[in-house]
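Student: So for the sequence shown, numbering that gives the first Met the number 0 puts the first residue at 0; every next one is plus one.
Heads up, the beta-carbon is just placed ideally off N, CA and C, and yes, glycines get one too.
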Amino acid sequence: MIRTVITGVTGRMGGTLSRLVRDSKELELVGATARPGSAAVGQDVGGVTVGEELGRVLESSKAHVVIDFTSAEASVAHARQCAGRGVAMVVGSTGFTPELRAELATSAKSIPVVLAPNTSVGVNVVIRMAAELARVLGEGYDVEVLEAHHRMKKDAPSGTALKLAEVLAQALGRTQEDLTFERHGQIGARPRREIGVQTLRGGDVVGEHTVYFLGEGERIELTHRATHRDQFGLGALRAARWVTGRTPGLYDMADVLGFQRTE
Ligand code: NAD
Numbered sequence: 000m001i002r003t004v005i006t007g008v009t010g011r012m013g014g015t016l017s018r019l020v021r022d023s024k025e026l027e028l029v030g031a032t033a034r035p036g037s038a039a040v041g042q043d044v045g046g047v048t049v050g051e052e053l054g055r056v057l058e059s060s061k062a063h064v065v066i067d068f069t070s071a072e073a074s075v076a077h078a079r080q081c082a083g084r085g086v087a088m089v090v091g092s093t094g095f096t097p098e099l100r101a102e103l104a105t106s107a108k109s110i111p112v113v114l115a116p117n118t119s120v121g122v123n124v125v126i127r128m129a130a131e132l133a134r135v136l137g138e139g140y141d142v143e144v145l146e147a148h149h150r151m152k153k154d155a156p157s158g159t160a161l162k163l164a165e166v167l168a169q170a171l172g173r174t175q176e177d178l179t180f181e182r183h184g185q186i187g188a189r190p191r192r193e194i195g196v197q198t199l200r201g202g203d204v205v206g207e208h209t210v211y212f213l214g215e216g217e218r219i220e221l222t223h224r225a226t227h228r229d230q231f232g233l234g235a236l237r238a239a240r241w242v243t244g245r246t247p248g249l250y251d252m253a254d255v256l257g258f259q260r261t262e
């Protein structure tokens with residue numbers, strides 16, 4: 000059994016993950032943490048006592064892997080704790096700045112880390128297909144990414160929308176400079192190389208992403224709609240099984256799913 004710790008266990012994803020790990024035949028819940036000072040600290044969740052200091056939880060639980068869906072800042076701090084103790088990680092948090100990502104990469108020199116802004120297997124297939132479509136369609140199509148999430152989501156655009164924009168830019172030979180996140184006022188004609196990334200927020204939307212390829216006389220839309228958080232959780236468990244025992248490094252879901260690198 001893979002000895003698993005869930006950080007941020009009181010969160011939306013933390014709750015889903017602790018239930019899925021408890022129901023799993025290959026992973027065993029051996030520890031959990033909540034934000035320091037949280038009322039959940041000291042309480043029982045699925046047979047483990049919630050701690051507030053990950054280092055201590057790792058020591059006492061002899062964990063193999065940590066699944067972390069908290070925030071980018073918290074995940075970076077958690078990765079340092081894991082790196083000091085040789086514990087593998089799956090990081091599902093989003094909102095990583097280049098600096099935070101670089102800090103995570105430093106920890107990943109001593110432990111294996113899967114960094115996955117979207118752990119749903121379906122979404123990762125869509126990301127793959129979006130890149131393929133962009134490569135085949137080439138120039139001549141305007142590319143836009145639209146995402147929608149529940150009203151409580153803290154970062155925008157979603158990590159998945161950013162990932163989609165990144166792979167689309169890569170497939171089309173464009174750069175970060177070509178991404179447009181806002182339009183307002185007298186914007187003039189659309190620059191040909193632009194990749195638009197737009198955000199909707201509201202209600203209880205679990206997560207929706209559409210890539211539009213807008214051409215002359217036709218339009219292709221590639222959509223993924225998540226209707227339940229379990230899909231993210233099940234993908235994270237798959238990543239946890241994959242990452243445990245790997246050589247140190249920073250991996251992503253394409254590695255977990257065995258997609259061949261195209262870049
Ligand atoms: P949430 O706000 O419901 O949960 C986050 C939890 O982390 C909270 O309970 C908070 O108290 C806890 N936390 C924060 N700092 C902590 C710390 N230092 N130690 C322990 N716990 C800490 O949010 P959520 O909807 O569960 O999402 C969490 C993160 O996962 C967000 O970044 C979100 O964008 C991302 N997310 C990723 C995927 C994916 O597929 N990878 C899917 C859904 C959400």
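(1) Using the Cβ count rule (16 or more neighbours within 10 Å means buried), how would you classify L199?
(2) Ends of the beta strand (DSSP E) at I126?
(3) Just grab the DSSP bridge partners of E143 for me.
(4) Between which two residues does the beta strand (DSSP E) carrying M88 extend?
(5) What does G50 pair with, by DSSP beta-bridge criteria?
(6) Short of 7 Å in beta carbon distance, which residues of its chain neighbour S60, apart from the five on each side in sequence? Order them along the chain.
(7) What's the gap between the Cα of F68 and the Cα of D141?
(8) So is Q185 buried or exposed if we call it buried at 16+ other beta carbons inside 10 Å?
(9) Nearest-angstrom Cα distance between T9 and L136?
(10) Just to confirm, does T69 get its C-beta within under 6 Å of one of the non-hydrogen atoms of the ligand NAD?
(11) Cβ of R11 versus every heavy atom of the ligand NAD: is any distance shorter than 6 Å?
(12) Measure from the alpha carbon of V64 to the alpha carbon of each residue in A235, E72, A71, A87, then state which is nearest.
(13) Let me know the secondary structure DSSP gives G206 once reduced to three states.
(14) Taking D251 as part of the alpha helix (DSSP H), name the residues at either end of that continuous run.
(15) Starting from the C-beta of H149, find all residues in its chain whose C-beta is less than 6 Å away, skip the five residues before and the five after it, and write them out in chain order.
(16) Is it a yes or a no for the region 144-160 touching the region 108-119, going by three-plus beta-carbon pairs under 8 Å?
(17) What first and last residue would you give for the alpha helix (DSSP H) that runs through V166?
(18) Using 6 Å as the cut-off, classify the Cβ of S92 as near or not near the heavy atoms of the ligand NAD, replying yes or no.
(19) Could you check whether R134 and A101 sit closer than 7 Å to each other, using their CB atoms as the reference points?
Tutor: Considering the structure as presented:
(1) Within the sequence shown, numbered from 1, the residue matching residue 199 stands at position 200. Exposed, by the Cβ-count rule.
(2) Stepping through the sequence shown from its first residue, residue 126 is reached at position 127. Where I126 is concerned, there is no enclosing beta strand (DSSP E), although the alpha helix (DSSP H) it sits in stretches over 120-136.
(3) Position 144 of the sequence shown, counted from the first residue, corresponds to residue 143. DSSP output for E143 lists G195, Y211 as bridge partner(s).
(4) Here residue 88 refers to the residue found at position 89 of the sequence shown. Looking at the DSSP string, the run of the beta strand (DSSP E) that includes M88 is 87-90.
(5) One-based indexing of the sequence shown puts residue 50 at position 51. DSSP, once it has assigned bridges, lists T32 as partnering G50.
(6) Along the sequence shown, read from residue 1 onward, the residue named residue 60 stands at position 61. Answer for S60: R2, V4, V29, G30, listed in chain order.
(7) Stepping through the sequence shown from its first residue, residue 68 is reached at position 69. Stepping through the sequence shown from its first residue, residue 141 is reached at position 142. Rounded to whole angstroms, the gap between the alpha carbons of F68 and D141 is 34 Å.
(8) Numbered from 1 along the sequence shown, position 186 holds the residue referred to as residue 185. Exposed is the call here.
(9) Looking up residue 9 in the sequence shown gives position 10. Looking up residue 136 in the sequence shown gives position 137. Rounded to whole angstroms, T9 to L136 spans 44 Å at the Cα level.
(10) Mapped onto the sequence shown, residue 69 falls at position 70. It does: the Cβ of T69 is within 6 Å (strictly closer) of some heavy atom of the ligand NAD.
(11) Taking the first residue of the sequence shown as 1, we reach residue 11 at position 12. It does: the Cβ of R11 is within 6 Å (strictly closer) of some heavy atom of the ligand NAD.
(12) As a working mapping, residue 64 is identified with position 65 in the sequence shown. Measuring from the Cα of V64, the nearest candidate turns out to be A87.
(13) The count along the sequence shown starts at 1 and reaches residue 206 at position 207. In the structure shown, G206 sits in a strand (DSSP, three-state: E or B).
(14) Here residue 251 refers to the residue found at position 252 of the sequence shown. Segment: none, D251 is in no alpha helix (DSSP H) and carries neither H nor E.
(15) Reading the sequence shown from its first residue, position 150 is the one you call residue 149. Cβ neighbours of H149 beyond the five flanking positions: D203, V204.
(16) yes
(17) Sequence index remark: in the sequence shown, residue 166 carries index 167 (1-based). Looking at the DSSP string, the run of the alpha helix (DSSP H) that includes V166 is 158-170.
(18) The residue labelled residue 92 in the question sits at position 93 within the sequence shown. Yes; taking the cut-off as 6 Å, the Cβ of S92 has a heavy atom of the ligand NAD nearer than that.
(19) As a first step, residue 101 is located in the sequence shown; it is residue number 102 there, counting from the start. As a first step, residue 134 is located in the sequence shown; it is residue number 135 there, counting from the start. Their beta carbons are not under 7 Å apart, which means A101 does not touch R134 by this criterion.
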